[in-house]
Amino acid sequence: MNTFTYAQYEEAAQMIRGQISAEPTIGLVLGSGLSSLADAIPDPTIIDYGDIPHWPQSTVEGHSGRLVIGNLQGKSVLIMQGRVHTYEGYSAHAVTFPIRVMKLLGIETVILTNAAGGINPAFHVGDLMLITDHINWVGMAGLNPLKGPNLKEFGLRFPDMTFAYSPELQKIAHAAAKATGVDLRQGVYTWLSGPNFETPAEIRMHYRLGSDAIGMSTVPSVVVARHCGMR
9 MNTFTYAQYE
19 EAAQMIRGQI
29 SAEPTIGLVL
39 GSGLSSLADA
49 IPDPTIIDYG
59 DIPHWPQSTV
69 EGHSGRLVIG
79 NLQGKSVLIM
89 QGRVHTYEGY
99 SAHAVTFPIR
109 VMKLLGIETV
119 ILTNAAGGIN
129 PAFHVGDLML
139 ITDHINWVGM
149 AGLNPLKGPN
159 LKEFGLRFPD
169 MTFAYSPELQ
179 KIAHAAAKAT
189 GVDLRQGVYT
199 WLSGPNFETP
209 AEIRMHYRLG
219 SDAIGMSTVP
229 SVVVARHCGM
239 R
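What follows is the structure, encoded as structure tokens:
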């Protein structure tokens, strides 16, 4: 059951609004090894997670635990340097708390990144993979961030996940990769809770079931973003 109320989400959003001069339109969640992207924002507003009401605190090394807000390549962005995971002991509702706060700040587009294990034999270490769909094993086991009373202020009880990953944004990603000479892979991402890695038998099973990469994040955020009508 969701332990957060709409008022608590709004309290966090209101605190952030009080620190910025312009509302961001794009939210980025930077996974392991990608936090340096935030350094490209000139004169950013920086807010530590610990200063935001109800915001979960990351315990993972390499996750800075702060918001970096400002202008990136002409776009007003809110960047999360680090996230929390269910394997840290957080509920699926806590893991996705930031996504709903982003929605209240007016953000309609979310870019989610992570470090994952590639299980497609055609992939190599260091490849970039664009997620086109996912397999939510953790959600199917009952750990779904939408479980419990529906907060109708954010969305419908039963959100459609047919286009969980925006076809429009996928086209933009492919065009950007082509323009910059990046060999961009694409595939299906599987969410497992961790923190242990998979056994060889589990890897074989997941690949045969259609997965190209496995990780311990991202999917619950996608589910909540779609519930909120975000792309």
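Each step along the sequence shown adds one to the number in the numbering used here, with nothing skipped, and position 147 is 155. In this text, a Cβ means the ideal position worked out from N, Cα and C, and glycines have one as well. From a predicted model like this one, the values you see are computed outputs, not experimental measurements.
Check	Outcome
The segment 197 to 206 in contact with the segment 132 to 144 per 3-pair CB rule at 8 Å	yes
T121 burial status per 10 Å Cβ neighbour count (16 or more: buried)	buried
Residue burial classification, V190 (beta-carbon count within 10 angstroms, cutoff 16)	exposed
C-alpha distance - S84 paired with Y95, whole-angstrom precision	32 Å
Alpha-carbon to alpha-carbon, S66 and S72	8 Å
Inter-residue spacing [alpha-carbon to alpha-carbon] between F166 and I55	34 Å
Nearest neighbour of Q22, chosen from L86, Y98 and L113 [CA to CA]	L113
Check whether L75 and I49 have beta carbons under 9 Å apart	no
Reduced DSSP secondary structure (H/G/I, E/B, other) of H182	helix
Integer Cβ distance of H93 from F12, believed to fall under 8 Å	About 17 Å separates the two Cβ atoms, so there is no contact after all.
One or two residues paired with R239 in a DSSP bridge	None; R239 has no bridge partner.
Of the residues G125, L192 and G41, the one placed nearest Y215, counting alpha carbons only	G125
Nonlocal neighbours in the same chain, by C-beta distance under 6 Å from V118, ignoring five residues either side	G35, A233 and M238
In chain order, each beta strand (DSSP E) run of at least 3 residues that lies wholly inside the segment 141 to 201	192 to 199
Bridge partners - Q65, DSSP secondary structure assignment	Answer is none; Q65 lacks a bridge partner.
Pick from G223, V37 and M137 that is closest to F205, judged by C-alpha positions	G223
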